[in-house]
Amino acid sequence: MEVCYQLPVLPLDRPVPKHVLSRRGAISFSSSSSLFGAPDPRQLSQRRGAISYDSSDQTALYIRMLARLGCGSTSASSAPERRVHRLLSFQRYLHSSRLLRGVPQQIPLHILDEDYTGQARCMLEKVGNWNFDIFLFDRLTNGNSLITLTFHLLNQYGLVELYQLDMVKLWRFLVMVQEDYHSDNPYHNAIHAADVTQAMYCYMREPMLAKSLTSRDILLGLLAAATHDLDHPGVNQPFLIKTDHYLATLYRNTSVLENHHWKSAVGLLRETGLFSHLPAEDSLNMERELGSLILATDISRQNDYLSKFRLHLDQENLCLSNASHRHFLLQMALKCADICNPCRPWELSKQWSEKVTKEFFQQGDIEKKHKLEVSPLCDRVANTVGNIQMGFMTYVAEPLFAEWARFSDTRLSQTMLGHMGLNKASWSGLQQEQTSVTEEVEPSTTGTDVEDAAARKDGNTGGTSSKEIPQGSRES
Ligand SMILES: [Zn+2]
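Right, dumping it as structure tokens:
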């Protein structure tokens with residue numbers, strides 16, 4: 001289907017940091033708030049769980065904006081209309097950020113240059129390429145890669161039309177999804193979600209899946225990818241458990257983060273009413289299947305999924321006309337998409353590795369500060385990016401992608417395995433360089449094998465398993 005819409009034009013300011021938009025005791029604002037005037041404090045109300053607004057004005061303004069999105073014209077509107085559109089397209093962001101920071105509402109001075117949207121549009125023409133640079137795309141869309149990419153893919157598949165999704169509701173939903181990712185997380189932020197969504201798209205285009213997935217499967221696959229880490233706090237499950245976080249209690253210490261991501265996604269679906277026009281039973285089934293996909297990203301359950309996948313492949317009994325088998329393959333595809341960083345070209349993979357390590361180490365710093373036991377891989381003194389990556393590739397990523405390549409023996413699968421091999425060699429080389437430097441300073445460390453040393457540093461003297469990778473790290 002030909003894509004017929006204009007890329008959203010958004011203000012240049014970065015999305016408001018998550019510490020400003022605290023999810024707990026978050027704020028909703030009511031319909032009579034002035035769009036540009038100072039907010040009335042009486043209109044603020046405390047609400048746990050989501051940031052929302054309920055404004056008939058808001059809806060009307062979104063309709064005006066989306067009328068332009070649907071027409072496909074990039075030049076018909078006058079400058080003043082464009083300006084209004086740009087202001088209102090990210091109303092939620094403007095309103096909430098200025099409101100909470102106590103900054104008077106202003107018209108943003110910096111508007112995204114047409115050249116940027118043009119380049120972003122060009123990138124979307126190659127959105128199925130495995131070397132798609134999500135970091136560049138995020139810059140070109142002014143930090144709105146998740147909204148733009150997901151909106152594009154849903155349109156490209158014709159899902160908006162097929163499911164008669166209300167464009168106003170869809171836009172609100174995507175804006176809220178992106179906003180509910182924590183932009184101050186080094187790794188688990190909206191760019192990671194956009195990256196996973198792009199990878200999921202690549203996998204769903206693979207011949208084995210493309211010929212059998214239904215539109216419903218694709219809709220769920222894209223929505224699950226976009227929301228799979230929603231409201232991730234930037235720390236893993238063991239941290240939430242040992243600090244008696246309310247989420248750990250709520251979900252009884254089981255797939256705590258994944259349950260929260262799922263429930264957060266359901267909350268936004270209901271808040272925006274995206275599926276409210278569907279029969280209640282269909283809507284509930286969609287929510288349930290969305291949960292099943294998101295829960296599959298719990299890395300601590302990797303072996304369960306991998307064993308089941310391996311058994312199916314050994315017995316050659318996967319039947320793609322069977323809905324439950326297709327659902328299982330979507331789960332596997334999402335798991336692959338979630339941890340595909342080692343399979344990307346080095347320039348991209350390296351950035352992801354540094355980001356996830358930064359998030360680990362930030363957690364470790366907090367644990368040290370509060371005299372808690374430092375979680376595995378989170379101690380910046382005992383670990384390096386390289387040893388974490390090599391362990392992750394060896395024990396988690398390689399087994400998964402080897403099975404995926406058995407299922408889908410394509411050029412993409414071979415490309416991914418090829419990148420992973422090269423990336424592992426690169427990290428090993430860097431590790432050896434570091435070891436050499438260390439040896440010059442500390443001769444006593446000579447003669448250690450890089451991976452053995454990594455295992456010892458992690459306290460894993462043998463038999464390291466995927467379960468020892470912190471939950472909530474890569475996963476989730
Ligand atoms: Zn993830």
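First residue of the sequence shown? That's 1 in the UniProt record's numbering, and the numbers climb one at a time after it. Yeah, the Cβ is synthetic: ideal placement off N, Cα and C, and Gly gets one too. Since the model is a prediction, treat every value here as computed from it, not as a measurement.
Give me the Cβ distance between His188 and Glu359, rounded to the nearest whole Å; I'm assuming they're in contact under 8 Å.
7 Å between Cβ atoms; contact.
Once DSSP output is grouped into helix, strand and coil, what is the label at Arg344?
In the structure shown, Arg344 sits in coil (DSSP, three-state: anything other than H, G, I, E or B).
Select from Leu284, Leu290, Met332 the residue whose C-alpha is nearest the C-alpha of Ser307.
Answer by Cα proximity: Met332.
Grouping DSSP H, G and I as helix and E and B as strand, with all else coil, what is Cys378?
Correct three-state label for Cys378: coil.
From Ser436 to Arg411, what distance separates their C-alpha atoms?
Between Ser436 and Arg411, the C-alpha separation is close to 37 Å.
Three or more C-beta pairs closer than 8 Å, one from the region 410-428 and one from the region 363-371: is that the case here?
With the cut-off at 8 Å, the region 410-428 and the region 363-371 do not touch.
Leaving out the 5 sequence neighbours to the left and right, which residues in its chain are closer than 7 Å to Pro345 when beta-carbon positions are compared?
Once the five neighbours on either side are set aside, the close Cβ partners of Pro345 are Asn131, His419.
Flag this pair as yes or no: are the beta carbons of Gly221 and Met200 separated by less than 7 Å?
Yes, they are a contact pair.
Is Asp338 near ligand 1, with its Cβ less than 6 Å from a heavy atom?
Yes - ligand 1 has a heavy atom lying nearer than 6 Å to the Cβ of Asp338.
Mapping DSSP to helix, strand and coil, what is Lys308?
In the structure shown, Lys308 sits in a helix (DSSP, three-state: H, G or I).
So, does the region 245-260 touch the region 150-157, judging by three or more C-beta pairs under 8 Å?
Segments in contact, no.
Could you give the DSSP three-state label for Glu398: helix, strand or coil?
The answer is helix: DSSP assigns Glu398 an H, G or I state.
When you compare only the Cα positions, how much space is there between Pro186 and Gly234?
In a straight line, the C-alpha of Pro186 is about 8 Å away from that of Gly234.
Identify whether Ala225 lies in helix, strand or coil by the three-state DSSP scheme.
Note: Ala225 maps to helix in three-state DSSP.
May I have the straight-line CA-CA distance separating Gly391 from Glu161, to the nearest angstrom?
Cα to Cα, Gly391 sits roughly 45 Å from Glu161.
Three-state secondary structure (DSSP) at Phe239?
Reduced to three states, the DSSP call for Phe239 is helix.
Quick one: does the C-beta of Asp231 sit closer than 6 Å to a heavy atom of ligand 1?
Not so, every heavy atom of ligand 1 lies at least 6 Å from the Cβ.
State the CB to CB distance for the pair Asp298 and Ser264, rounded to an integer number of angstroms; the pair is presumed to be in contact (CB under 8 Å).
With 8 Å as the limit, Asp298 and Ser264 do not qualify as a contact, their Cβ atoms being about 15 Å apart.
When you compare only the Cα positions, how much space is there between Ala323 and Glu373?
Roughly 44 Å between the two C-alpha positions.
How long is the line joining the alpha carbons of Ile241 and Ala248, rounded to whole angstroms?
Taking the straight line joining both Cα atoms gives about 5 Å.
Run the CB neighbour count on Cys340, radius 10 Å, all protein chains shown included, and call it buried at 16 or more, exposed below.
So Cys340 ends up on the buried side.
Look up Cys202 in the DSSP assignment and say whether it is helix, strand or coil.
Of the three classes helix, strand and coil, the one that applies to Cys202 here is helix, per DSSP.
Can you tell me whether DSSP reads Val127 as helix, strand or coil?
It is coil, neither helix nor strand.
Sorted by chain position, which residues of the same chain lie with C-beta nearer than 6 Å to Thr141's C-beta, five sequence neighbours on each side aside?
Closer than 6 Å at Cβ, skipping near neighbours: Ala120, Thr148.
What is the residue span of the alpha helix (DSSP H) that Gln164 lies within?
Where Gln164 is concerned, there is no enclosing alpha helix (DSSP H), given that its DSSP letter is neither H nor E.
Out of curiosity, what's the CA-to-CA distance linking Lys376 and Ser321?
Position check: residue 376 holds Pro in this sequence, whereas Lys was assumed. Pro376 and Ser321: Cα-Cα distance of roughly 42 Å.
Please classify Asn383 as buried or exposed, where buried requires at least 16 neighbouring CB atoms within 10 angstroms.
Buried: at least 16 other Cβ atoms inside 10 Å.
Quick one: what's got a C-beta closer than 6 Å to Ile294's C-beta in the same chain, skipping five residues either side?
Correct list, in chain order: Ala224, His228, Glu258, His261, Trp262.
Helix, strand or coil for Phe275, going by three-state DSSP, please let me know.
Of the three classes helix, strand and coil, the one that applies to Phe275 here is coil, per DSSP.
For Ala194, which of Val381, Gln434, Leu334 has the nearest alpha-carbon?
The shortest Cα separation from Ala194 among Val381, Gln434, Leu334 belongs to Leu334.
Assign Glu403 to one of two classes, buried (16 or more other C-beta atoms within 10 Å of its C-beta) or exposed (fewer than that).
By the 10 Å Cβ count, Glu403 comes out buried.
Does the Cβ of Gly364 have 16 or more other Cβ atoms within 10 Å, making it buried, or fewer, making it exposed?
Classification for Gly364: buried.
Which of the three DSSP states is assigned to Phe132 in this structure?
Three-state DSSP puts Phe132 in coil, outside helix and strand.
Less than 7 Å between the C-beta atoms of Glu281 and Val266, yes or no?
No, the Cβ-Cβ distance between Glu281 and Val266 is not below 7 Å.
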